[in-house]
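There are 2 protein chains.
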Amino acid sequence: MLTEEIELTTTHRSPALSATNIEAAVKALRERGLRVSAARRLVLEALYGAEGPLSAERIAQGLEGRLPRSDLASVYRNLETLEEVGLVRHVHLGHGPGLYALAAPEHEYLVCESCHAVRTVAKAELDGIRSQVLDRFGFEARFTHFPLVGLCPRCLSESHDHEENEHAHP
Amino acid sequence: MLTEEIELTTTHRSPALSATNIEAAVKALRERGLRVSAARRLVLEALYGAEGPLSAERIAQGLEGRLPRSDLASVYRNLETLEEVGLVRHVHLGHGPGLYALAAPEHEYLVCESCHAVRTVAKAELDGIRSQVLDRFGFEARFTHFPLVGLCPRCLSESHDHEENEHAHP
DNA sequence: CCGTAACTGCGAACGACTCGCAAAAACTAA
DNA sequence: TTAGTTTTTGCGAGTCGTTCGCAGTTACGG
């Protein structure tokens, strides 16, 4: 099976106010006694400029020329550090590589098992479902690190169509 | 990070009526023009005798001496074939290897992000949540291939405890 | 501007699969 | 039963995503 590309169907944040926020992140790092190296700053720039979650690989390649390339292992280490600090979060949207994004604002993900479309939603949008899961199972659902997986509306209706065709056979 | 062992908290099926059902599976294979080799039968025996989903690795090792060892690549190939035939299904319960189980009866999984405990439930138990997700997002949730991830009751209450301790600091 | 952590970049190793290929079954038809 | 065809096996090597070891840099506090 080929590794399938994941496409995002929603937009995350405007790529504008980057620099300002990066300095806030830099401050958070220094407060923890962490150093602000060029490589680390680069990872931050990639994430602040991104429209959706990014793979470590794509960050290391410099986002198709928009940023300088850097060492993949270091990108992974920096993403890990940033995640420990709470600035970054990663999500596993299927069989591909993990994808990284800023931790705030907190997004949750719905992924279609059939077409692999990703729907990104604000945490609050899933609160209704979260409270039902809590009621039934005492379990607090989180769709930040692993998504809610299922069939998207389109694939769902296609699968209904096929069922009908099958039933139509006498 | 170490690969963490996944423990199952529920029982799947009684390990008794194996042989009978294996012959049904064998029949299904032959009907599709597939051959029933020793290796293939072994995978089937492992799954019919198991109390929960198994990794390919564990099947290849012969389930700690209960069955003969076999070739890992072939185990993967056979699991794939059995899955195509519809006899087997696999689930990704976190960062470890995929786990394989008989497709019927259809189980769904809840996994704790913190302690990695797995709760296996019958499909019907999640129908309420499924219909709420369908209403809100037009999305049919499936927790068979990827689980519903969150915090289990115990880890949830522990995280509340910690919050209280933090708040207690003036 | 010096010392000393922290951090980098490289290559190698890792786990979980997947593939290529020659040798060995399994079914089929004779 | 055996010969023929086609699947399947077992091995080794390869891939992908990620992590590790380590010598060489570099950031920052003094």
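Protein chains in written order, with our numbering: chain A, 35 to 204; chain B, 35 to 204.
Beta carbons are placed, not taken as given, at the ideal position from N, Cα and C, and that holds for glycine.
> So is Gly130 (chain B) in contact with chain A if we call contact Cβ pairs under 8 Å?
Replying inline: Stepping through the second sequence from its first residue, residue 130 (chain B) is reached at position 96. No - not a single Cβ of chain A is within 8 Å of the one on Gly130 (chain B).
>> Just to make sure I have the definition right: I need the residues of chain A whose C-beta is within less than 8 Å of the C-beta of Val183 (chain B). Which are they?
In response: Mapped onto the second sequence, residue 183 (chain B) falls at position 149. Near Val183 (chain B) (Cβ distances below 8 Å), the residues of chain A are Ala175, Arg176, Phe177, His179 and Phe180.
>> Which residues in chain B have a C-beta closer than 8 Å to the C-beta of Cys186 (chain A)? List them in chain order.
In response: Working through the first sequence from its first residue, we reach residue 186 (chain A) at position 152. Simply Gly172 and Phe173.
> Quick one: what does DSSP say Leu182 (chain B) is sitting in, helix, strand or coil?
Replying inline: For the purposes of this step, residue 182 (chain B) is identified with residue 148 of the second sequence, where counting begins at 1. Here Leu182 (chain B) sits in strand by DSSP.
> CA-CA distance, Thr115 (chain A) and Leu63 (chain A)?
Replying inline: Translated into the one-based positions of the first sequence, residue 115 (chain A) becomes position 81. Translated into the one-based positions of the first sequence, residue 63 (chain A) becomes position 29. The alpha-carbon atoms of Thr115 (chain A) and Leu63 (chain A) are separated by roughly 9 Å.
>> Below 8 Å on the Cβ atoms is my contact criterion, and I expect Thr178 (chain A) with Val125 (chain A) to pass it. Report the Cβ-Cβ distance as a whole number of Å.
In response: If you number the first sequence from 1, residue 178 (chain A) lands on position 144. If you number the first sequence from 1, residue 125 (chain A) lands on position 91. Contact between Thr178 (chain A) and Val125 (chain A) is confirmed by a C-beta separation of about 6 Å, below the 8 Å threshold.
> Helix or strand or just coil, what does DSSP make of Glu41 (chain B)?
Replying inline: Position 7 of the second sequence, counting from 1, holds the residue named residue 41 (chain B). With a pLDDT of only 39 at Glu41 (chain B), under 50, the local geometry of the prediction cannot be trusted, and no value is derived from it.
>> Once DSSP output is grouped into helix, strand and coil, what is the label at Pro49 (chain B)?
In response: In the second sequence, counting from the first residue as 1, residue 49 (chain B) sits at position 15. With a pLDDT of 39 at Pro49 (chain B), under the threshold of 50, the modelled position of that residue is not reliable, and the figure given next carries that caveat. In the three-state reduction of the DSSP assignment, Pro49 (chain B) falls in the coil class.
> Contact between the stretch 107 to 123 of chain A and the stretch 152 to 172 of chain A: three or more CB pairs below 8 Å?
Replying inline: They do not touch, by the three-pair rule.
> Given that Glu147 (chain B) touches chain A, what residues does it touch there, using C-beta distances under 7 Å?
Replying inline: Here residue 147 (chain B) is taken as the residue at index 113 of the second sequence, counted from 1. Ordered by position in chain A, the residues that pass the 7 Å Cβ test against Glu147 (chain B) are Arg176 and His179.
> Which residues of chain A have a Cβ atom closer than 8 Å to the Cβ of Thr167 (chain B), listed in chain order?
Replying inline: If you number the second sequence from 1, residue 167 (chain B) lands on position 133. Reading off the sequence shown, one finds Val at residue 167 (chain B), where the question assumed Thr. Here the neighbours are Ile163, Leu182 and Gly184.
>> I'd like to know whether the C-beta atoms of Arg66 (chain B) and Val119 (chain B) end up nearer to each other than 8 Å.
In response: Against the second sequence, residue 66 (chain B) aligns to sequence position 32. Against the second sequence, residue 119 (chain B) aligns to sequence position 85. Taking 8 Å as the Cβ cut-off, Arg66 (chain B) and Val119 (chain B) qualify as a contacting pair.
> Taking the runs of the beta strand (DSSP E) that are 3 residues or longer, which of them lie wholly in the stretch 125 to 178 of chain A?
Replying inline: If one requires a minimum length of 3 residues, the beta strand (DSSP E) runs lying completely within the stretch 125 to 178 of chain A are 133 to 136, 141 to 146 and 152 to 156, in chain order.
> With burial defined as no fewer than 16 other Cβ atoms inside 10 Å of the residue's Cβ, what is the status of Gly99 (chain A): buried or exposed?
Replying inline: Residue mapping note: residue 99 (chain A) aligns to position 65 of the first sequence, counting from 1. The C-beta of Gly99 (chain A) has fewer than 16 other C-beta atoms within 10 Å across all chains shown, which makes the residue exposed.
> Residue range of the alpha helix (DSSP H) that Val70 (chain B) falls in?
Replying inline: Stepping through the second sequence from its first residue, residue 70 (chain B) is reached at position 36. Per DSSP, Val70 (chain B) belongs to no alpha helix (DSSP H) and is neither H nor E.
>> Using 8 Å as the threshold, is the C-beta distance between Leu101 (chain B) and Leu76 (chain B) below it?
In response: Within the second sequence, residue 101 (chain B) is the residue found at index 67, counting from 1. Within the second sequence, residue 76 (chain B) is the residue found at index 42, counting from 1. A contact, by the Cβ cut-off of 8 Å.
> What does DSSP give as the partner residues of Ser89 (chain B) in its beta bridges?
Replying inline: Along the second sequence, one-based indexing puts residue 89 (chain B) at 55. For Ser89 (chain B), which the question treats as bridged, DSSP gives the partners B:Leu133.
>> Excluding the 5 residues flanking Arg74 (chain A) on each side, which residues of the same chain have their C-beta closer than 7 Å to its C-beta?
In response: As a first step, residue 74 (chain A) must be located in the first sequence, where it is residue number 40. Asn112, listed in sequence order.
> Under 8 Å, do Glu91 (chain B) and Pro131 (chain B) count as touching if we go by C-beta distance?
Replying inline: By 1-based counting over the second sequence, the position of residue 91 (chain B) is 57. By 1-based counting over the second sequence, the position of residue 131 (chain B) is 97. In contact: Glu91 (chain B) and Pro131 (chain B) (Cβ atoms closer than 8 Å).
>> Please report whether the beta-carbon of Leu113 (chain A) lies at a distance below 8 Å from any beta-carbon of chain B.
In response: Counted from its first residue, the first sequence places residue 113 (chain A) at position 79. For Leu113 (chain A), no Cβ of chain B is located within less than 8 Å of the residue's own Cβ.
>> Looking at chain B, is there any beta carbon in it that lies within less than 8 Å of the beta carbon of Leu97 (chain A)?
In response: As a working mapping, residue 97 (chain A) is identified with position 63 in the first sequence. Chain B contact via Cβ: absent.
>> Quick check: the Cα distance between Gly172 (chain B) and Gln95 (chain A), rounded to an integer number of angstroms?
In response: Start at 1 with the first residue of the second sequence, and residue 172 (chain B) comes out as number 138. Start at 1 with the first residue of the first sequence, and residue 95 (chain A) comes out as number 61. Those two C-alpha atoms are separated by around 37 Å.
> With burial defined as no fewer than 16 other Cβ atoms inside 10 Å of the residue's Cβ, what is the status of Asp195 (chain A): buried or exposed?
Replying inline: By 1-based counting over the first sequence, the position of residue 195 (chain A) is 161. Exposed: under 16 other Cβ atoms inside 10 Å.
> Taking Cβ positions, are Leu168 (chain B) and Tyr143 (chain B) nearer each other than 8 Å?
Replying inline: Taking the second sequence and counting its residues from 1, one reaches residue 168 (chain B) at position 134. Taking the second sequence and counting its residues from 1, one reaches residue 143 (chain B) at position 109. Tyr143 (chain B) is positioned such that its CB atom lies no closer than 8 Å to that of Leu168 (chain B).
>> Can you check which of these residues, A:Ala151, A:Arg170, A:Gln166 and A:Ala137, is closest to Cys189 (chain A) by C-alpha distance?
In response: Translated into the one-based positions of the first sequence, residue 189 (chain A) becomes position 155. That would be A:Ala151, whose Cα lies nearest to the Cα of Cys189 (chain A).
> Residues of chain A with a CB under 7 Å from the CB of Leu101 (chain B): which are they?
Replying inline: Numbered from its first residue, the second sequence carries residue 101 (chain B) at position 67. Per Cβ cutoff of 7 Å: no residues; Leu101 (chain B) is ~28 Å from chain A at best.
> Can you give the Cα-Cα distance for Phe180 (chain B) and Pro181 (chain A), rounded to whole angstroms?
Replying inline: Here the question's residue 180 (chain B) lines up with position 146 in the second sequence. Here the question's residue 181 (chain A) lines up with position 147 in the first sequence. So the alpha carbons of these two residues sit roughly 8 Å apart.
> If we ignore side chains and look at the alpha-carbon of each, how far apart do Leu185 (chain B) and Arg170 (chain A) end up?
Replying inline: Locating residue 185 (chain B) in the second sequence gives position 151, counting from the first residue. Locating residue 170 (chain A) in the first sequence gives position 136, counting from the first residue. When only Cα atoms are considered, Leu185 (chain B) and Arg170 (chain A) end up about 13 Å apart.
> Going by the beta-carbon positions, is the gap between Val122 (chain A) and Leu106 (chain A) smaller than 8 Å?
Replying inline: As a working mapping, residue 122 (chain A) is identified with position 88 in the first sequence. As a working mapping, residue 106 (chain A) is identified with position 72 in the first sequence. It is not a contact, given that the beta carbons lie outside the stated cut-off.
> Under the rule that 16 or more other beta-carbon atoms within 10 Å means buried, what is Ser104 (chain B), buried or exposed?
Replying inline: Counted from its first residue, the second sequence places residue 104 (chain B) at position 70. With 16 or more other Cβ atoms within 10 Å, it is buried.
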